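Note that this note's numbering has the sequence shown beginning at 253, numbered continuously upward. Accompanying notes for the structure given below.
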Amino acid sequence: MHRILFALLLLAAPAAAQTYHPPFDPSVHKGPRTGPPNEVAVLGSAHLSQLPDGFRPEALAPLLDRLAAWKPQAIAIENLSGAQCDELRRYPYRYADTIGSYCPDTAAARAATGLDVPAANAAFAKMLADWPATPSAAQRRRLAATFLAGGEQASALVQWLRLPPPNAALATGWTPRWSNV
């Protein structure tokens, strides 16, 4: 008797699965497609900062050439934000390894700008909200310094790289050396 009941349950199971509809189906909220589909590439690699001393950065040239030819509209990176690092620094006994590996030291930028991480984050958010269509070199340098004070090295680098070469050097002729970006 139990075998017959079990067999009937097995036969009924596929029918029940076919009639199931999730309570939320995002496809019903989508309108007709009006443009080309998004193109997304996900590149998984070892953290470059963790590669052995013998690693030659020029080995990445073919990959970088292909990415440049693709011309992505946006690039996302895995990174801790300056605000996240500021929070981790409040618990050094627990997060010392993470802080040492993934959180840049903002002391020099803080000394230069007078901004700690939370103040710098508020400042660059305000700057970006009022950002002009064609910023001056001084505005870009100030934004880059504010990003550095906020612990956002990659964003600072983007601003620095958008400066024309003569404007990238500071009055002293010093050009920042970017590490761990």
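Where a beta carbon is used, it is the ideal one built from N, C-alpha and C, also for glycine. Everything numeric in this text was worked out from a predicted model, so none of it was measured.
Residues near Y397 by beta carbon distance below 8 Å, same chain, minus five either side: What you label residue 397 is simply residue 145 of the sequence shown in a count that begins at 1. According to the sequence as given, residue 397 is Ala; it is not Tyr. The residues are A361, A364, T365, A408.
V294 burial status per 10 Å Cβ neighbour count (16 or more: buried): The sequence position of residue 294 within the sequence shown is 42, counting from 1. Looking at its Cβ environment, which holds fewer than 16 other Cβ atoms inside 10 Å, V294 is exposed.
Pair within 7 Å by beta-carbon distance, P356 and Q405: In the sequence shown, the residue the question calls residue 356 occupies position 104. In the sequence shown, the residue the question calls residue 405 occupies position 153. Contact: yes.
Extent of the continuous alpha helix (DSSP H) run through T362: Counting from 1 along the sequence shown, the entry for residue 362 is found at position 110. According to the sequence as given, residue 362 is Arg; it is not Thr. Taken as a continuous stretch (DSSP letters only), the alpha helix (DSSP H) holding R362 covers 359 to 365.
Where Q325 falls, given that 16 or more other Cβ within 10 Å makes a residue buried: The residue given as residue 325 occupies position 73 in the sequence shown. Exposed: under 16 other Cβ atoms inside 10 Å.
A328 - DSSP class collapsed to helix/strand/coil: Taking the sequence shown and counting its residues from 1, one reaches residue 328 at position 76. DSSP places A328 in coil when its eight states are reduced to three.
V292 classed as buried or exposed, judged by whether at least 16 other C-beta atoms fall within 10 angstroms: The residue you call residue 292 lines up with position 40 of the sequence shown. By the C-beta density criterion, V292 is exposed, having fewer than 16 other C-beta atoms within 10 angstroms.
W412 burial status per 10 Å Cβ neighbour count (16 or more: buried): On the sequence shown, position 160 is the one that residue 412 refers to. Counting of Cβ neighbours within 10 angstroms places W412 among the buried residues, the total reaching 16 or more.
Which listed residue (N331, W383, P370) has its alpha carbon closest to that of I351: The count along the sequence shown starts at 1 and reaches residue 351 at position 99. Nearest C-alpha to I351: N331.
Distance between S388 and R414 (C-alpha atoms, nearest Å): To locate residue 414, count along the sequence shown from 1; it is residue 162. To locate residue 388, count along the sequence shown from 1; it is residue 136. Each residue's Cα considered, the two are about 11 Å apart.
Reduced DSSP category for F376 - H, G, I as helix; E, B as strand; rest coil: Against the sequence shown, residue 376 aligns to sequence position 124. In the structure shown, F376 sits in a helix (DSSP, three-state: H, G or I).
Pair within 7 Å by beta-carbon distance, G402 and A381: As a working mapping, residue 402 is identified with position 150 in the sequence shown. As a working mapping, residue 381 is identified with position 129 in the sequence shown. Cβ distance not < 7 Å, so G402 and A381 don't count as in contact.
Local conformation of L295 per DSSP, three classes: Translated into the one-based positions of the sequence shown, residue 295 becomes position 43. Three-state result, L295: coil.
Limits of the alpha helix (DSSP H) - the one that P314 falls within: For this step, residue 314 is matched to residue 62 along the sequence shown. Where P314 is concerned, the enclosing alpha helix (DSSP H) stretches over 313 to 322.
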